[in-house]
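Enquirer: Just so we're aligned, residue 1 is where the sequence shown starts under full-length UniProt numbering, counting upward by one. Just so it is clear, CB atoms sit at the ideal spot from N, CA and C, and this is done for glycine as well. Before we start, here is the structure in question, set down as structure tokens.
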Amino acid sequence: MPGQHPMHSQPPMPGQPPMPGQLPMPGQPPMPGQPPMPGQHHMPGQPPMPGQPPMPGQHQMPGQPPMPGQPPMPGQPQAYQQQPGYAPFPGQQPSYPGQQFPQQPQQRRLDPDQMPSPIQVMADDQQNRGGVFVTNEKGLVPPLVTTDFIVDDKGNSSPRYIRSSMYSVPVTADLLKQTAMPFCLVISPMAETVGAEQDPPVIDFAALTGSPTMGPVRCSRCKAYMCPNMKFIDAGRHFKCAFCKATTEVPMEYTQYINSMQQYGRVPAEMALGTYEIVATKEYCRNNTLPNPPAIVFVIDVSYNSIKNGLLQTVCDNIMDFIEAMPKDENGKSYTRVGFITYSSTVHFYNIKGTLAQPQMLSVGDVSDVFVPLLDGFLSPAEQSGPVLQQLLQQLPNMFHDNKETETILLPAVQAGLEALKAADTSGQLLVFHTSLPTYNAPGKLINREDRKLLGTDKEKQILMPQTTAYNETGQACSAAGVCVELFVCNNAYVDAATIGQLPRLTGGQMHKYTYFTAETDGERLAWDVRRVVSRPTAHDAVMRVRTSTGVRATDFFGHFFMSNTTDVELAAIDADKAIGVEIKHDDKLTGEEGVYVQAALLYTRRCGQRRLRVLNLALNVAHQLADVYRSAELDTTIAFLNKQAVWALRDATPSQVREGLSQRCARSLAAYRRHCASPSSAGQLVLPESMKLLPLYTSCILRSDAIAGGPDVTCDERSCAMYRALCADVSLSLAYTYPRLLALHTGALAPPPHHAPPTPLRASIDKITDHGIYLLENGVHILIWVGSMAASELVAEIFGVPSPQQVDTQVCELPHLGTPANTAARELVDQIRLKRRSAMRLQVMAQHSKEEGALRRMLVEDRGVGGEGYVDSLMATHKLVQKML
1 MPGQHPMHSQ
11 PPMPGQPPMP
21 GQLPMPGQPP
31 MPGQPPMPGQ
41 HHMPGQPPMP
51 GQPPMPGQHQ
61 MPGQPPMPGQ
71 PPMPGQPQAY
81 QQQPGYAPFP
91 GQQPSYPGQQ
101 FPQQPQQRRL
111 DPDQMPSPIQ
121 VMADDQQNRG
131 GVFVTNEKGL
141 VPPLVTTDFI
151 VDDKGNSSPR
161 YIRSSMYSVP
171 VTADLLKQTA
181 MPFCLVISPM
191 AETVGAEQDP
201 PVIDFAALTG
211 SPTMGPVRCS
221 RCKAYMCPNM
231 KFIDAGRHFK
241 CAFCKATTEV
251 PMEYTQYINS
261 MQQYGRVPAE
271 MALGTYEIVA
281 TKEYCRNNTL
291 PNPPAIVFVI
301 DVSYNSIKNG
311 LLQTVCDNIM
321 DFIEAMPKDE
331 NGKSYTRVGF
341 ITYSSTVHFY
351 NIKGTLAQPQ
361 MLSVGDVSDV
371 FVPLLDGFLS
381 PAEQSGPVLQ
391 QLLQQLPNMF
401 HDNKETETIL
411 LPAVQAGLEA
421 LKAADTSGQL
431 LVFHTSLPTY
441 NAPGKLINRE
451 DRKLLGTDKE
461 KQILMPQTTA
471 YNETGQACSA
481 AGVCVELFVC
491 NNAYVDAATI
501 GQLPRLTGGQ
511 MHKYTYFTAE
521 TDGERLAWDV
531 RRVVSRPTAH
541 DAVMRVRTST
551 GVRATDFFGH
561 FFMSNTTDVE
571 LAAIDADKAI
581 GVEIKHDDKL
591 TGEEGVYVQA
601 ALLYTRRCGQ
611 RRLRVLNLAL
621 NVAHQLADVY
631 RSAELDTTIA
641 FLNKQAVWAL
651 RDATPSQVRE
661 GLSQRCARSL
671 AAYRRHCASP
681 SSAGQLVLPE
691 SMKLLPLYTS
701 CILRSDAIAG
711 GPDVTCDERS
721 CAMYRALCAD
731 VSLSLAYTYP
741 RLLALHTGAL
751 APPPHHAPPT
761 PLRASIDKIT
771 DHGIYLLENG
781 VHILIWVGSM
791 AASELVAEIF
801 GVPSPQQVDT
811 QVCELPHLGT
821 PANTAARELV
831 DQIRLKRRSA
841 MRLQVMAQHS
851 KEEGALRRML
861 VEDRGVGGEG
871 YVDSLMATHK
881 LVQKML
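Here is the structure:
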């Protein structure tokens with residue numbers, strides 16, 4: 001099929017060459033006289049297979065003669081070069097003032113370039129699987145998330161919506177246990193389509209059948225929705241459920257609808273596609289009543305800090321832009337009503353009814369028991385408020401210009417927004433703009449408990465768990481009312497993100513943090529992020545249920561949501577940038593012929609107020625052999641899920657226990673592959689399955705990530721934000737954070753046509769950086785641009801507007817507008833990255849030898865650093881663990 005990668009078949013019979021187009025099993029030694037498989041590596045110090053020359057960059061064991069009949073490699077010693085594990089920057093001493101790195105023991109080392117490369121794996125997948133991915137086959141492994149491809153939905157949901165860690169599921173729980181890997185899904189039900197992809201079609205059964213009460217067709221027992229995996233029996237009078245095997249009578253109106261479709265040679269969408277939407281009837285709404293369109297309330301801190309750093313002015317200057325970015329109906333009118341609350345030590349509501357001469361402010365002084373002082377006029381469509389809203393935005397900065405209050409509240413302001421939306425009988429979002437630790441004597445008051453020395457120790461829970469239950473309780477109340485909290489924190493000191501972040505975590509929102517915020521440097525980033533929040537595809541007042549076929553069931557869920565029972569994921573909102581991790585476990589033996597079927601159904605309210613169901617379907621194979629499980633494993637999904645699971649585990653386990661668990665899991669999986677799937681080979685050889693050859697590297701990256709490891713360079717708030725980010729990220733953002741992208745900008749990426757070339761991706765290692773270069777490093781959160789001390793002065797002048805690398809301004813948060821070809825290309829590249837990552841990532845420019853280089857160090861994940869081992873060390877450690885297990 002187009003875009004389909006040929007699966008590796010079984011190894012050839014002994015003594016026979018492989019069939020044409022057939023490759024030896026990945027990770028197994030090649031047939032005599034054949035070169036090793038790509039991605040198969042000998043462990044350092046092991047001799048090559050008999051009769052074979054050493055791999056490029058591989059040397060004989062020190063002190064051993066060369067292989068019989070072979071001279072030593074020309075120009076190479078017979079032993080490994082001695083390389084320190086943490087090379088200094090080009091032309092630089094091993095450390096610089098203000099930044100100390102551990103000294104590395106001098107040891108004989110493996111050449112890192114001979115180890116599996118993520119850059120090569122991604123490039124190969126793009127070449128082999130870019131193009132169109134057709135979802136017409138059960139258990140078809142999708143392209144990597146880094147690959148550009150277009151999905152043609154032919155019965156299974158797009159991998160943008162749902163990805164599995166395994167596309168051939170072990171037949172028994174014991175077989176799954178041997179792999180040591182999770183069987184899991186990562187679901188992004190509101191993900192955006194790409195290019196020529198079609199949005200999920202909308203089915204209105206009431207309109208199609210002419211029956212006003214006709215809702216979705218479902219299994220009478222397990223309530224699964226009609227999908228391509230259901231089978232019609234009894235001449236179409238009944239259908240057999242793919243999930244529970246029950247038989248359900250087909251409604252007469254639905255039979256007539258199908259027959260009329262078939263007369264025109266068409267198949268209903270719900271029987272042909274993996275993803276589709278159904279218009280919900282009143283039975284699927286709160287109190288059997290169709291909902292109002294969700295509203296948005298701006299909740300704005302007006303304390304002294306907000307005036308001083310320009311937050312209030314920035315928000316007021318941009319609110320009309322935010323409203324303009326909100327989705328519109330076909331006549332160009334916004335569906336969304338907006339409201340305004342401000343707060344410092346008291347809470348202020350605003351009446352913006354269009355018939356008023358000017359806006360009215362009503363204050364609530366008793367913040368211990370917040371009530372809503374007005375209903376009529378609090379929420380209003382922006383078009384109807386017109387001049388009154390404009391007046392309010394002009395008056396607010398002047399009204400609070402002389403406010404000297406530095407102690408603020410937070411929780412009562414959120415409660416005020418919640419009560420206002422409940423009083424209006426609508427779901428919606430609270431966009432909360434906040435500046436400081438809420439220390440005012442009111443509900444939700446917090447103390448400063450920052451103690452960075454505890455991070456990474458067994459006592460870190462003292463500062464990473466909420467210091468009060470009040471925020472969790474309010475978050476649960478918001479979730480129950482369908483109210484999502486988006487928290488924009490513009491702080492210059494500790495704010496206890498671990499505690500206040502519970503509000504977005506429980507409601508499907510997110511905490512956006514702008515440390516040391518000033519309007520001049522961060523105002524545009526804040527405005528970009530708010531526009532994204534109000535414009536992206538969002539499901540409001542939602543609930544999701546994951547159904548599976550018999551033999552397996554969904555057991556554990558990870559993400560930003562609340563669950564009041566064991567099956568329903570309650571989401572005040574879920575948007576295109578969020579994902580939920582789901583672990584699936586066996587409760588019986590599977591049958592090989594049937595396969596495993598998964599259906600995720602999201603019931604939600606659109607921004608226009610229409611209630612809908614979005615249904616995602618995925619069919620997987622069943623594997624009786626471990627080799628088939630490994631062959632169809634999907635590592636990107638596995639890593640995204642392990643990230644979420646590890647962060648969640650930190651609530652109960654110590655950091656060392658979590659790290660040990662991940663390391664052991666990686667080793668057990670590779671040991672099982674070695675024991676059951678690989679042909680006999682030298683005990684000193686580490687054999688890696690082709691689909692999971694990056695598992696040791698990615699595991700090492702998780703272990704040293706800010707979310708899991710923290711470290712002396714990370715604040716308590718940054719650690720908490722990293723944990724929240726990992727918990728709700730989709731697979732592509734999770735992978736970018738796990739393995740940052742390093743691009744060379746001096747190799748033609750910024751040249752004008754026809755000399756322009758795409759930026760060259762490089763492995764995330766200091767070895768790939770030269771002092772003649774200019775590099776961009778990004779991980780979905782930060783963009784770093786590093787300028788080598790010997791970079792070409794002409795290029796430096798074109799990009800930065802200064803004559804030499806030493807004069808580059810490292811205090812800027814954006815590149816200057818110079819209008820030169822290289823400057824324009826660099827700015828466009830930064831914009832493309834932000835669009836791809838869906839965030840106004842902070843840009844930091846750094847010169848070689850500057851103190852800012854520490855941030856770059858932490859993101860070069862293949863090198864040894866303060867946060868953990870380098871790639872070479874972690875691979876050696878994994879190999880030792882595997883050898884012990886064997």
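Under the rule that 16 or more other beta-carbon atoms within 10 Å means buried, what is Glu-814, buried or exposed?
Expert: Label assigned to Glu-814: exposed.
Enquirer: Please report the distance separating the alpha-carbon of Glu-583 from that of Thr-715.
Expert: Those two C-alpha atoms are separated by around 31 Å.
Enquirer: Beta-carbon within less than 8 Å of Asp-321's beta-carbon, same chain only, minus the 5 sequence neighbours each way: which residues are those?
Expert: These residues qualify, in order along the chain: Ala-527 and Arg-531.
Enquirer: Identify every residue that forms a DSSP beta bridge with Phe-400.
Expert: DSSP, once it has assigned bridges, lists no residue as partnering Phe-400.
Enquirer: Leaving aside the five residues before and after Pro-381 along the sequence, list all residues of the same chain whose C-beta is less than 7 Å from its C-beta, in chain order.
Expert: Excluding positions up to five away in sequence, the list reads Ser-334 and Arg-337.
Enquirer: Leaving out five residues before and five after Trp-786 in sequence, what residues of the same chain have Cβ atoms less than 6 Å from its Cβ?
Expert: Counting only Cβ-Cβ distances below 6 Å, and skipping sequence neighbours, we find Tyr-775, Met-846 and Leu-856.
Enquirer: Return the chain-ordered ranges of every alpha helix (DSSP H) run that is complete within the region 506-560 and spans a minimum of 4 residues.
Expert: Correct list: 519-535.
Enquirer: Classify Lys-884: buried if its beta carbon has 16 or more other beta carbons within 10 angstroms, exposed otherwise.
Expert: Exposed, since its Cβ has fewer than 16 Cβ neighbours within 10 Å.
Enquirer: Do you know offhand how far Thr-550's Cα is from Ala-572's?
Expert: About 30 Å.
Enquirer: I'd like to know whether the C-beta atoms of His-540 and Pro-216 end up nearer to each other than 8 Å.
Expert: Contact: no.
Enquirer: With C-beta atoms as the reference, is His-434 less than 8 Å away from Ile-307?
Expert: Going by C-beta atoms, His-434 is not nearer than 8 Å to Ile-307.
Enquirer: My output table needs one value for Gly-865: the three-state DSSP class, helix, strand or coil.
Expert: Strand.
Enquirer: Three or more C-beta pairs under 8 Å: does that hold for the region 350-367 against the region 313-332?
Expert: Contact fails: fewer than three Cβ-Cβ distances are below 8 Å.
Enquirer: Assign Arg-237 to one of two classes, buried (16 or more other C-beta atoms within 10 Å of its C-beta) or exposed (fewer than that).
Expert: That one is exposed.
Enquirer: DSSP on Gln-880, reduced to helix/strand/coil?
Expert: The displayed chain sequence assigns Lys, not Gln, to residue 880. Lys-880 falls in the helix class under three-state DSSP.
Enquirer: Enumerate in chain order the residues of its own chain whose CB-to-CB distance from Gly-444 is below 6 Å, with the five nearest sequence positions on each side excluded.
Expert: Closer than 6 Å at the Cβ level, and outside the excluded window around Gly-444, lie Leu-410, Leu-411, Pro-438 and Ala-470.
Enquirer: Using a Cβ distance threshold of 8 Å, determine whether the region 698-711 contacts the region 127-138, with at least three qualifying pairs required.
Expert: The region 698-711 is not in contact with the region 127-138.
Enquirer: Grab the span of the beta strand (DSSP E) containing Glu-168 for me, first residue to last.
Expert: Per the sequence shown, residue 168 should be read as Ser rather than Glu. 168-170 is the span of the beta strand (DSSP E), which, as asked, contains Ser-168.
Enquirer: How far does the beta strand (DSSP E) with Glu-277 in it extend, from its first residue to its last?
Expert: First-last of the beta strand (DSSP E) with Glu-277: 275-279.
Enquirer: Among Asp-317, Ser-427 and Thr-637, which has the Cα closest to the Cα of Pro-397?
Expert: Comparing Cα-Cα distances from Pro-397 to each of Asp-317, Ser-427 and Thr-637, the minimum goes to Asp-317.
Enquirer: With burial defined as no fewer than 16 other Cβ atoms inside 10 Å of the residue's Cβ, what is the status of Tyr-516: buried or exposed?
Expert: By the 10 Å Cβ count, Tyr-516 comes out exposed.
Enquirer: Considering only their Cβ atoms, is the gap separating Val-299 from Leu-430 smaller than 8 Å?
Expert: Cβ distance < 8 Å, so Leu-430 and Val-299 count as in contact.
Enquirer: Express the C-alpha separation of Thr-637 and Val-731 in angstroms, rounding to a whole number.
Expert: If you take the alpha carbons of Val-731 and Thr-637, they lie about 6 Å apart.
Enquirer: According to DSSP, is Ser-765 helix, strand or coil?
Expert: Coil at Ser-765, not helix or strand.
Enquirer: Given a threshold of 16 other Cβ atoms within 10 Å of its Cβ, counted over all protein chains shown, does Ala-757 qualify as buried or as exposed?
Expert: So Ala-757 counts as exposed.
Enquirer: Given 8 Å as the limit, is there contact between the region 606-622 and the region 652-666, that is, 3 or more CB pairs closer than that?
Expert: Judged by Cβ distances under 8 Å, the region 606-622 makes no contact with the region 652-666, as fewer than three pairs qualify.
Enquirer: Do the CB positions of Ser-479 and Glu-570 come within less than 8 Å of each other?
Expert: Closer than 8 Å, so yes.
Enquirer: Which parts of the region 398-472 are runs of the beta strand (DSSP E), unbroken and 3 residues or longer, counting only runs that do not cross its ends?
Expert: Those beta strand (DSSP E) runs which fall completely within the region 398-472 and span 3+ residues are 428-434.
Enquirer: Please classify Leu-856: does DSSP put it in a helix, a strand, or coil?
Expert: Three-state DSSP puts Leu-856 in a helix.
Enquirer: When we look at the beta-carbon of Val-141 and count the other beta-carbons within 10 Å, is it buried (16 or more) or exposed?
Expert: Burial call: buried.
Enquirer: Out of curiosity, what's the CA-to-CA distance linking Ser-188 and Lys-138?
Expert: The straight-line gap from Cα to Cα measures roughly 20 Å.
Enquirer: For Pro-56, does the three-state DSSP call read helix, strand or coil?
Expert: Since pLDDT at Pro-56 reaches only 35, below the 50 mark, its modelled position is unreliable, and the value read off the structure follows with that caveat. Coil at Pro-56, not helix or strand.
Enquirer: Suppose the cutoff is 7 Å on Cβ atoms and the five residues either side in sequence are ignored; what does the same chain contact list for Ala-744 look like?
Expert: Around Ala-744: Pro-759, Thr-760, Leu-762, Gly-773 and Tyr-775.
Enquirer: Are there 16 or more other CB atoms within 10 angstroms of the CB of Leu-688, so buried, or fewer, so exposed?
Expert: It is buried - the Cβ of Leu-688 has at least 16 other Cβ atoms within 10 Å.
Enquirer: Given that a residue counts as buried once 16 or more other Cβ atoms are within 10 Å of its Cβ, and exposed if not, what is Gln-263?
Expert: Exposed: under 16 other Cβ atoms inside 10 Å.
Enquirer: Glu-869 to Arg-704, Cα distance in whole Å?
Expert: Answer to the nearest angstrom: the Cα atoms are 8 Å apart.
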